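Going line by line, the protein sequences match chains A and B.
Using the numbering used here, the first residue of the first sequence is number 1, and each one after it goes up by one.
Using the numbering used here, the first residue of the second sequence is number 1, and each one after it goes up by one.
Even glycine gets a Cβ: it sits at the ideal position worked out from N, Cα and C.
Please read these numbers as outputs of a predicted model, since none were measured by experiment.
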Amino acid sequence: MTCEETKQLFADYWSDGLNGEDEIKLQEHLGACEGCRKEAERLGALWRDLGALPAEQPGPGLRSRFYDSLAAFRSGADDRFSQPSHRSPAKQMVWQIAAGIALLLAGVGAGYGLRPNQSPELSQLREEVANMRQLVALSLLQQQSASERLRGVSYALRAEPNDSEVLGALLDTVKRDSNVNVRLAAVDALHPFASSPATRNGILQALTKQDAPLVQVALIDLLVDLKIKQAEPELRQLLQNAGDAGVRQRAEWALENLQ
Amino acid sequence: MARVSAGELSKLAVLFERHHRALFRYFVSMSRTREMAEDLVQDVFFRMLRYRSSYDPSRPFTAWMYQIARNAGIDQKRGGEVVGIEEYMERHAEPASSSPGPEEHASRGQNLNLLRRALDRLPRDKREILVLSRFQNMKYEQIGEILGCETGTVKVRVYRAMRALEQIYFALEKEKVS
Ligand SMILES: [Zn+2]
Chain A
1 MTCEETKQLF ADYWSDGLNG EDEIKLQEHL GACEGCRKEA ERLGALWRDL GALPAEQPGP
61 GLRSRFYDSL AAFRSGADDR FSQPSHRSPA KQMVWQIAAG IALLLAGVGA GYGLRPNQSP
121 ELSQLREEVA NMRQLVALSL LQQQSASERL RGVSYALRAE PNDSEVLGAL LDTVKRDSNV
181 NVRLAAVDAL HPFASSPATR NGILQALTKQ DAPLVQVALI DLLVDLKIKQ AEPELRQLLQ
241 NAGDAGVRQR AEWALENLQ
Chain B
1 MARVSAGELS KLAVLFERHH RALFRYFVSM SRTREMAEDL VQDVFFRMLR YRSSYDPSRP
61 FTAWMYQIAR NAGIDQKRGG EVVGIEEYME RHAEPASSSP GPEEHASRGQ NLNLLRRALD
121 RLPRDKREIL VLSRFQNMKY EQIGEILGCE TGTVKVRVYR AMRALEQIYF ALEKEKVS
């Protein structure tokens, strides 16, 4: 066996993955060739040391953030509030607002039970609820951490479908958020705003500015869902110029489906 | 996006408990900051929800997970949020806290510290292949699946990465002596 062939066996040798035959051939060569033997020893020792490097452990914050986001997804799905368990004042404020909304909602519900006809106080109350939802969504969308912003997106889903400020913040998130996951969630959250012409224009704009293939595909799907036929020029452009094959395929599919 | 069912959310929690430490170690080794690594771990699990339809149950789950992890890391890098090596070195100037302590371990601890610094200086692709094979204990076949190359190629690249690591390690050692 040559030195070259021997070195190709080193990776298996270090990880105890050599079969009997190769092991014998390797040992034979190492017995005869000092250069390879020394290299096998030196690199083997380094390999062992690599295995002894202590693993860095995540902080406790990672787990709590994960479960917070999970709860946000859940509450986005069934419209329930998860348990607050937070430290920073900003977060606490947001949660206080959220709790306020919950109380108000309970009040609105009770109002409905008592008086089926809308009273002035009741409509005022509902307006307040809408304002608070808007406030929560907007303030969460500005948070530093991606999981907080994700939560903001899930609040935006509960805003009034004609709330132009929340719509603006969502479109801004789709265009500019540094985290692809947040951008994706914001695309999904645009569905309820479909009837607004601003949404349609915003989606088209976001599509031309977007560079992450995942978000591009999500935006294309949204265009098809909302049957936005005027997207044809943008889609043709993607079909021609997109660097990602998946995006090109999806654009082609969308063009067929929007006919 | 189709609504995520409650069952899928609980399954995600199980996957999180099983894999988040390994993923964190992967990202810390690749991205060099704890904050970013934690963000990326979080990212991977929610991407799994989104791409759950792309999972092929006949293939190993971890290969799929690390494919998602790599993409998450690449997207993050594109966002320009990568911390320079100097800043990283500053942050990691103090020796690893989890070393055993007694004097006979001191020199070994020092070597390991040097080794960690050498690993951090290794080019990204070489570092990644060592992190996957040595820290994540992955079979070379599986690494080939994640990186999209033949098993034989993986083995050769492991060898080359070890050679490069050794060179950097020696260079750092010399720096320290002189
Ligand atoms: Zn030889």
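Residue 251 of chain A carries a helical assignment under DSSP once its states are collapsed to helix, strand and coil. Leaving aside the five residues that flank residue 144 of chain B on each side, the residues in its chain whose CB is nearer than 8 Å to its CB run, in chain order, 150, 151, 153 and 154.
Per DSSP, residue 54 of chain A is not a residue of any alpha helix (DSSP H), being assigned neither H nor E. For residue 19 of chain A, the closest Cβ of chain B is not nearer than 8 Å. It is roughly 12 Å from the alpha-carbon of residue 41 of chain B to the alpha-carbon of residue 30 of chain B.
Along the stretch 6-28 of chain B, the positions whose C-beta sits under 8 Å from a C-beta of chain A are 6, 9, 12, 13, 16, 20, 21, 24, 25 and 28, read in chain order. 8 Å or more divides the Cβ of residue 65 of chain A from the Cβ of residue 178 of chain A.
When Cβ-Cβ separations below 8 Å define contact, residue 42 of chain B makes contact with chain A. Residue 129 of chain B sits in a helix when the DSSP states are folded into three classes. Excluding five sequence positions before and after residue 60 of chain B, the CB atoms of its chain that fall closer than 7 Å to its own CB belong to 142, given in chain order. For residue 178 of chain B, the three-state secondary structure derived from DSSP is coil.
Not one heavy atom of ligand 1 is found less than 7 Å from the C-beta of residue 44 of chain A. The three-state secondary structure of residue 160 of chain A, taken from DSSP, is coil. No Cβ of chain A is located within less than 8 Å of the beta carbon of residue 176 of chain B. Residues are counted here when their Cβ sits less than 8 Å from a Cβ of chain B; for the stretch 195-212 of chain A these are 211 and 212, given in chain order. Judged by pairs of C-beta atoms under 8 Å, the stretch 20-27 of chain B does not touch the stretch 155-168 of chain A, as fewer than three such pairs exist. Proximity of chain A to residue 50 of chain B at the Cβ level (cut-off 7 Å) is accounted for by 184, in chain order.
Boundaries of the alpha helix (DSSP H) harbouring residue 31 of chain A: 20-32, taken from the DSSP string. Listed along chain B are 159, each with a C-beta nearer than 7 Å to that of residue 10 of chain A. Those residues of the stretch 46-66 of chain A placed with their C-beta closer than 8 Å to a C-beta in chain B are 46, 47, 49, 50, 51, 52, 53, 54, 55, 56, 57, 58, 59, 61, 62, 63, 65 and 66, ordered along the chain.
For residue 44 of chain B, the CB contacts under 8 Å within the same chain, skipping 5 residues up- and downstream, are 23, 65, 68, 69 and 72 in chain order. The residue from A:197, A:214, A:213 and A:209 with its alpha-carbon nearest to that of residue 229 of chain A is A:197. Only residues of its own chain outside the window of five on either side were considered, and among them 138 and 141 have a CB closer than 6 Å to the CB of residue 169 of chain A, listed in chain order.
Looking from the CA of residue 195 of chain A, the closest CA among A:214, A:28, A:167 and A:173 belongs to A:167. Residue 116 of chain B places its beta carbon less than 8 Å from that of residue 53 of chain A. For the pair residue 22 of chain A and residue 31 of chain A, the Cα-to-Cα distance works out to about 14 Å. For the pair residue 49 of chain B and residue 27 of chain A, the Cα-to-Cα distance works out to about 48 Å. Taking non-hydrogen atoms of ligand 1 into account, the C-beta of residue 149 of chain B is found less than 7 Å away from none of them. As the crow flies, the alpha-carbon of residue 38 of chain A is around 48 Å from that of residue 214 of chain A. Here DSSP, grouped into helix, strand and coil, assigns residue 26 of chain B to helix. Taking a 10 Å sphere around the C-beta of residue 28 of chain B, we find 16 or more other C-beta atoms and assign the residue as buried. Listed along chain A, the residues sitting closer than 8 Å to residue 38 of chain B by beta-carbon distance are 58, 59, 61, 62 and 65. The C-alpha of residue 136 of chain B is placed about 13 Å away from the C-alpha of residue 56 of chain A. Exclusion of the five residues before and after residue 36 of chain A leaves 3, 6, 7, 29 and 30 as the residues of its chain whose Cβ lies within less than 8 Å of its Cβ. Taking a beta-carbon distance threshold of 8 Å, residue 146 of chain A counts as an interface residue toward chain B. Boundaries of the alpha helix (DSSP H) harbouring residue 39 of chain B: 34-50, taken from the DSSP string.
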